[in-house]
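Okay, so here's the structure we're looking at.
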Amino acid sequence: MNPFAYARPTDLDAALRLIAANGSTDAARPATPGPTAPPDLAPAVNPATPGAANQYEVRFVAGGTNLLDLLKEGVQVAPTLVDINRLPFDRIEETPDGGLLLGALARNADTAYHPLVKQRYPLLADAILAGASPQLRNMASNGGNLLQRTRCYYFYDVATPCNKRTPGSGCSAIGGVTRQHAILGSSEHCIATHPSDMCVALAALEAVVHVQSVRGKREIAFADFHRLPGDRPDIDTTLAPDELITHIALPPAPQFAGHSAYLKLRERLSYAFALASVAAALEIAADGTIGAARIAVGGVAHKPWRRPEAEQLLQGQRPSDELFGRVADALLAGAIGRGSNDFKIPLARNAIVRALQVAAKGTVTNWNVSTPDQGEHA
Ligand SMILES: Cc1cc2nc3c(=O)[nH]c(=O)nc-3n(C[C@H](O)[C@H](O)[C@H](O)COP(=O)(O)OP(=O)(O)OC[C@H]3O[C@@H](n4cnc5c(N)ncnc54)[C@H](O)[C@@H]3O)c2cc1C
Ligand code: SF4
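Using UniProt numbering, the letters of the sequence shown correspond one by one to residues 1 to 378.
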């Protein structure tokens, strides 16, 4: 691992000033509009080369469960790390409208097991608990989960070309081993998938990402947070290099708590990334018809995959396997396999149908939970 300078600010302003003053060599992500950082801020000191800090890429580090692996493997370079674990963003709070505000530094485990998350958003709790291992979830933060990088084998293998790691070098996955790779939304430059489970549920729940920099605060709708690769696969998100995620807001969603399901299909029963996953949430009216519906698919694209027009097919209809099949086909329209991931197209179709069947019957979780329209169930 390369040597790095390390700062551990205790307040938000200091953290934002450190990253703004040091800039980032990650030219990949365009800066958001707004005033530039004040010129008089002191840069974080790199003891090896004081005064040369501006040429370094500066990174926030939270749980470190993804970033430190990338640094150790030489996939990313960050000679200055700003440890944000002392910032006051580890809480989960209720919002006046009945939603929740998840601190970016709240741990994945604390989020999944929070009583209000389990009660109001069992879909999110299930998705988080489907990811990684208990030890990793204890370390992983909510903000870091959103920004974890792809698990494409070639991205991690610095001996191979990869446009995401080294722009312009080529894509080794195209024509290579594609078992984990995208069937939707890919480009000739990159066919990687986004690996997060949590983000699939957040997409279905239409979360809002709150971010802040020295230039001010802004909110990013979850659908706009991750991007498709296009001709810039090195850019994963619309977050600017100097922006910190402070919170993730969950809008109220009582209509979905009793009828949601997260289904993850993977190589092993635990400790494996999704080949395909589905977050499904249905509003079922008293007469048994479907009101609103949300479906997000993971493991199939560079971002959680949603198609509102597919969801609309469910509105006002009675649940049926035939209907769910049509919805799956609409969600996956245009899917392309690349040899070793051809199997993902029928796999994802079956997963969508199955998740909708489970959601229609009623939320099932691994814990006892009371939801607004359901009693205790296992
Ligand atoms: C063996 C293994 C198995 C895994 N399995 C799964 C799985 O099945 N499903 C799944 O979803 N995930 C899985 N993960 C990934 C894991 O969920 C992520 O590594 C974790 O969520 C990242 O969070 P972190 O706090 O550790 O992020 P870090 O590693 O600290 O940071 C990740 C990135 O986010 C940036 N960052 C962190 N916080 C902020 C912030 N507040 N604002 C701006 N930037 C920030 C960092 O600069 C860095 O670029 C697995 C990981 C491992 C190592
Ligand atoms: S799919 Fe994307 S991440 Fe994987 S090798 Fe190609 S460019 Fe790199």
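Where a beta carbon is used, it is the ideal one built from N, C-alpha and C, also for glycine.
- Shown here for A280: same chain residues with a beta carbon closer than 6 Å to its own, the five before and five after excluded, namely A261, I295, A355, L356, A359 in chain order.
- Taking non-hydrogen atoms of ligand 2 into account, the C-beta of P233 is found less than 6 Å away from one of them.
- Taking a C-beta distance under 7 Å as the contact criterion, N108 and A130 do not qualify as a contact pair.
- Relative to ligand 1, even the nearest heavy atom lies 6 Å or more away from the CB of T160.
- By the neighbour-count criterion, in which 16 or more other beta carbons inside 10 Å mark a residue as buried, V158 falls on the exposed side.
- In this structure, the alpha-carbon of P122 lies about 15 Å from that of L101.
- Counting C-beta pairs with one atom in each stretch, the region 342-356 and the region 278-292 have three or more that are closer than 8 Å, which means they touch.
- Boundaries of the alpha helix (DSSP H) harbouring F324: 321-331, taken from the DSSP string.
- If you draw a straight line from the Cα of P251 to the Cα of P96, it comes to about 10 Å.
- Cβ-Cβ distances below 6 Å link E93 to L101 in the same chain, with the five nearest sequence neighbours on each side left out; the list follows chain order.
- When secondary structure is reduced to three states using DSSP, Q255 falls in the helix class.
- By the Cβ-count criterion, S169 is exposed, with fewer than 16 other Cβ atoms from all chains shown falling within 10 Å of its own Cβ.
- Taking 6 Å as the cut-off, one finds no heavy atom of ligand 2 near enough to the beta carbon of K344.
- Taken in chain order, the complete alpha helix (DSSP H) segments of 4 residues or longer contained in the region 213-293 are 222-225, 254-257.
- Closest in alpha carbon position to Y154, among V208, T193, L313, is T193.
- Note: H210 is bridge-paired with E219, H247 in the DSSP secondary-structure output.
- Counting C-beta pairs with one atom in each stretch, the region 226-245 and the region 326-342 have fewer than three that are closer than 8 Å, which means they do not touch.
- CA-to-CA, the gap between G98 and R86 works out to about 28 Å.
- Annotation for D83: the continuous beta strand (DSSP E) segment containing it runs 80-83.
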